[in-house]
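Enquirer:
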Amino acid sequence: GTIRIQSDDEFTSENGVVSGSGTESDPYIIELWSIDASSCDTSIWPYIKVGIAVYNTTKYFVIRDCQVENADEYGSGISLSFLSNGTVQNCTLGNSGSGISFSGCDNIVISGNTIENCDNGITNGSYSSDAITISDNTITGCTDTGIEFHYLTNSSCTGNNVSNNNQGIYVSALWFGGCTISENIVQGNTLEGIDVSGDSEDNTISNNDTSNNGGTGNRNT
-12 GTIRIQSDDE FTSENGVVSG SGTESDPYII ELWSIDASSC DTSIWPYIKV
38 GIAVYNTTKY FVIRDCQVEN ADEYGSGISL SFLSNGTVQN CTLGNSGSGI
88 SFSGCDNIVI SGNTIENCDN GITNGSYSSD AITISDNTIT GCTDTGIEFH
138 YLTNSSCTGN NVSNNNQGIY VSALWFGGCT ISENIVQGNT LEGIDVSGDS
188 EDNTISNNDT SNNGGTGNRN T
């Protein structure tokens, strides 16, 4: 069933935690769960279909080696909101509105995950986030965008393979800078490989392979 955690006190075994104490050296571990989110009860928070949802926490935690699917076109396989100190690692996500979504977070690592056949692979919501690391993920078959990299500061998107989606990486609203997008493979997408839109400053986009996309490799508007 769906895992929902809405405070530091809810990191419990009943909510999927298998070990840890929530410190930086001994984070809470949520691992090896297989979740079909199609039967998720949307009458309770967060009111969309989700596999794993964590909200309003400060403890260190790691979600790893989980498989989540079928959160429908409006839902999210893993949803992180208004929290800090989380890691999502080596998970497999598919057939959802978003594979991994986050909003209003800081100090988050999203690494080594495989996301297939979602609307969006990894996306940040309308609340800005800080110190987000998105690295070494494989994202394919998304009908909208592989990675939505926006409303971020001091964050990075590196070493990802974002191929055969509608759009590769969409970059916008990096107003306060400090972001890096580099060393990504962004190929075979229907539209642009990397689409940069809106005002931003003090950011670096370099050494990405944006060949063989339907639109331009890099577009700045």
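Residue numbers (the numbering used here): -12 to 208. From the three backbone atoms N, C-alpha and C, an ideal C-beta is built for every residue, glycine too.
Less than 7 Å between C-beta atoms, sequence neighbours within five positions excluded: which residues of the same chain meet that for I134?
Expert: The answer, listed in chain order, is G108, I109, I121, I126, C144, N147, V149, I156.
Enquirer: Please state the DSSP three-state secondary structure of D123.
Expert: coil
Enquirer: Mind checking which residues open and close the beta strand (DSSP E) that includes A40?
Expert: 37 to 42
Enquirer: Between the region 112 to 119 and the region 89 to 101, do three or more beta carbon pairs fall short of 8 Å?
Expert: yes
Enquirer: Classify Y34: buried if its beta carbon has 16 or more other beta carbons within 10 angstroms, exposed otherwise.
Expert: exposed
Enquirer: Measuring alpha carbon to alpha carbon, tell me which residue in N57, N195, V4 is nearest V41.
Expert: V4
Enquirer: Hey, how far is the Cα of T177 from the Cα of C105?
Expert: 15 Å
Enquirer: For I87, does the count of other Cβ atoms within 10 angstroms reach 16, so buried, or fall short, so exposed?
Expert: buried
Enquirer: Can you give me the C-alpha to C-alpha distance between E60 and E11, rounded to a whole angstrom?
Expert: 34 Å
Enquirer: Taking the alpha carbon of D52 as the point to measure from, which residue in G201, T45, N77, D182 has its own alpha carbon closest?
Expert: N77
Enquirer: Could you check the C-alpha separation between S169 and V75 for me, to the nearest Å?
Expert: 20 Å
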